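Read in order, the letters of the sequence shown correspond to residues 0 to 404 in numbering that gives the first Met the number 0.
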Amino acid sequence: MNNPFENAMKQLDKAAKIKDFGDDFIAQLRAPNRDIRISIPVKMDNGSTKIFEGYRVEYNNTLGPYKGGIRYHRDTEINEIKALGFWMVLKCAVSGIPMGGGKGGIMVEPKDLSKGELERLSRGWVRGLSDILGPHKDVPAPDVNTTPEIMAWMADEFEKITGDKTRSTFTGKPIDRGGSEGRGPATGLGGFYVFDTLRDELKLPAKCKVAIQGFGNVGANAARIFSQNSHIIIAVSDSKSGIVKKDGLDLEKVEAHKKKTGGLKDFSEAEDITNEELLELPCDLLVPAAFENVITEGNARKIKAKTILELANGPITPEADEILFKKSIPVIPDILANSGGVTVSYFEWDQNLKNEHWSEKEVFDKLKSMIQDSTKKSMEKAKEANTSLRMGAFILALEKIKAKM
Ligand code: NAD
0 MNNPFENAMK QLDKAAKIKD FGDDFIAQLR APNRDIRISI PVKMDNGSTK
50 IFEGYRVEYN NTLGPYKGGI RYHRDTEINE IKALGFWMVL KCAVSGIPMG
100 GGKGGIMVEP KDLSKGELER LSRGWVRGLS DILGPHKDVP APDVNTTPEI
150 MAWMADEFEK ITGDKTRSTF TGKPIDRGGS EGRGPATGLG GFYVFDTLRD
200 ELKLPAKCKV AIQGFGNVGA NAARIFSQNS HIIIAVSDSK SGIVKKDGLD
250 LEKVEAHKKK TGGLKDFSEA EDITNEELLE LPCDLLVPAA FENVITEGNA
300 RKIKAKTILE LANGPITPEA DEILFKKSIP VIPDILANSG GVTVSYFEWD
350 QNLKNEHWSE KEVFDKLKSM IQDSTKKSME KAKEANTSLR MGAFILALEK
400 IKAKM
């Protein structure tokens, strides 16, 4: 079993070998400032009380308040949350936003709960952690299985407990509850801007064939945005299975099929494939947009994509990263590729604090210019040190954190 936190630390050690940051600095980044585990009692619809395990890891706040999503998943555990918190620290630094990094979660299968139970659980997470949260302390956001509605419940609970009416402690809220324009598609759109900035450099065609693993917030938005920009989506998948059509999927029909049947399987215009087969398809761009550790030592040699854009966090293990580097398959790393989400979350926090509401155009223009800047700077660092783009982005982030420390 791959431990995501050990993987994250291997990446840190590798960066520290490429550039000397000093042992004390690296040691400080090897452990979170604090990790908190809470029990959340929830009254279930049948009258019984069930206890859930919740987490918040506040990894590092050198650059600003802790920032990071909350994940609801049956397999979520503290090592995963620590890794995600560490990557958030670097992601905020790469993006040039004045925030630190953290992450939270609850070990739960949300599909097993009624809407009322889910709301009581979400409000319970806030009650258990309200002392450490706040606009200038710790600002959570959505992640896997956490929706704008859940963020609205959380913001409301926080306001009830503390009286803070700015709504700036939670981002990813619905627009009519203080959310920002453009937060929904922000991660997929940011990923597209990173890719587009690098496309010539990576010698990719104007019409790329793209395969996307994961069809949730990030994957489905990315599919739509790449397709609107003349690229061809040849395959997509969700947790159950995937579909492939070599000359391109009609995404509207795919969405309609998923809505009707609850999955992607048996879509009449495409062939069914497994998630493993999707990763090994020949294509210009492979986009893992689901979970950690999907490309490992076991399948890295079988990858036929020309380039990989990591929209999920930590989808490639360090061993697989080495194999891909040797195979000359460039990887656009998560801390750069999926930074659009946290960037627009930062815009939301900023708007809430100033009591402003920016137009979608303003949000997207600012996002584009920040992403182009961080992408070019990460590439420059990679070239200077003759290393991968992942290590270029790590060096850029570590330099900024060290300077502030
Ligand atoms: P989501 O819950 O909306 O969607 C997850 C998708 O992955 C779903 O389609 C699900 O069916 C699929 N999936 C689950 N298990 C799978 C498996 N074993 N194989 C293939 N697909 C599987 O979550 P999301 O917000 O889209 O997040 C996806 C990834 O992007 C995560 O790694 C998350 O940390 C990362 N991310 C999300 C954001 C954001 O703004 N939501 C920002 C940055 C990074």
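For every residue, glycine included, the Cβ atom is placed at its ideal position computed from N, Cα and C. Quick caveat: nothing in here was measured; it's all calculated off a predicted structure.
Can the beta-carbon of residue 209 be found less than 8 Å from the beta-carbon of residue 186?
-> No. Outside cutoff.
For residue 317 and residue 389, the rounded distance between their alpha carbons | The straight-line gap separating the alpha-carbon atoms of residue 389 and residue 317 is approximately 11 Å.
With a 10 Å radius around its C-beta and 16 neighbouring C-beta atoms as the bar for buried, classify residue 300 as buried or exposed.
-> With fewer than 16 Cβ atoms within 10 Å of its Cβ, residue 300 is classed as exposed.
Nearest-angstrom Cβ-Cβ length linking residue 53 and residue 37, presumed shorter than 8 Å = Contact between residue 53 and residue 37 holds, with the beta-carbon distance rounding to 5 Å and staying under 8 Å.
Answer yes or no: does any C-beta atom of chain C fall closer than 8 Å to that of residue 245?
-> Looking for chain C here will not work: only one protein chain is present.
Exposure of residue 323, with buried meaning 16 or more beta-carbon neighbours within 10 Å = Buried: at least 16 other Cβ atoms inside 10 Å.
How about residue 67 and residue 84: do their beta carbons lie closer than 8 Å?
-> Cβ atoms of residue 67 and residue 84: closer than 8 Å.
Put residue 190 into one of helix, strand or coil per three-state DSSP.
-> Three-state DSSP puts residue 190 in a helix.
If you run the structure through DSSP and keep just helix, strand and coil, what is residue 256?
-> Residue 256 carries a helical assignment under DSSP once its states are collapsed to helix, strand and coil.
My understanding is that residue 381 touches residue 391, with C-beta atoms under 8 Å, so please give their C-beta distance in whole angstroms.
-> Confirmed, Cβ separation roughly 3 Å.
Would you give the residue range spanned by the alpha helix (DSSP H) that residue 85 belongs to?
-> Its alpha helix (DSSP H) spans residues 77-94.
Can residue 271 be considered in contact with the ligand NAD, in the sense that its beta carbon sits closer than 7 Å to one or more heavy atoms?
-> No.
Cβ contact (3+ pairs, closer than 8 Å) linking the stretch 331-350 and the stretch 171-183 | Using a C-beta cut-off of 8 Å, the stretch 331-350 makes contact with the stretch 171-183, since at least three inter-stretch Cβ pairs fall below that distance.
Distance, Cα to Cα, residue 399 vs residue 91?
-> Distance between the alpha carbons of residue 399 and residue 91 is about 10 Å.
Under 7 Å from any heavy atom of the ligand NAD, does the C-beta of residue 236 make it?
-> Yes; taking the cut-off as 7 Å, the Cβ of residue 236 has a heavy atom of the ligand NAD nearer than that.
Close-in-space but distant-in-sequence residues of the same chain around residue 24 (CB under 6 Å, 5 per side omitted) | Within the same chain, residue 24 has close Cβ partners 401.
Determine the DSSP secondary structure at residue 307, reduced to helix, strand or coil.
-> Here residue 307 sits in strand by DSSP.
Within the same chain, show all residues whose beta-carbon is closer than 7 Å to that of residue 201, passing over the 5 residues directly before and after it, in chain order.
-> The residues are 306, 329.
N-terminal and C-terminal residue of the alpha helix (DSSP H) that residue 377 is part of = Residues 359-383.
Put residue 182 into one of helix, strand or coil per three-state DSSP.
-> Coil, per DSSP.
Kindly list the residues whose CB is nearer than 6 Å to the CB of residue 71, restricted to its own chain and excluding five residues on each side of it in sequence; keep chain order.
-> Excluding sequence positions up to five before and after residue 71, its CB lies within less than 6 Å of the CB of 105, 107, 109, 144, 145, all in the same chain and listed in chain order.
Residue burial classification, residue 237 (beta-carbon count within 10 angstroms, cutoff 16) = Buried, by the Cβ-count rule.
Could you check where the alpha helix (DSSP H) with residue 104 kicks off and where it finishes?
-> For residue 104, there is no enclosing alpha helix (DSSP H); the enclosing beta strand (DSSP E) has its first and last residue at 100-106.
Simplified DSSP state of residue 15, which is helix, strand or coil | If DSSP states are grouped into helix, strand and coil, residue 15 belongs with the helices.
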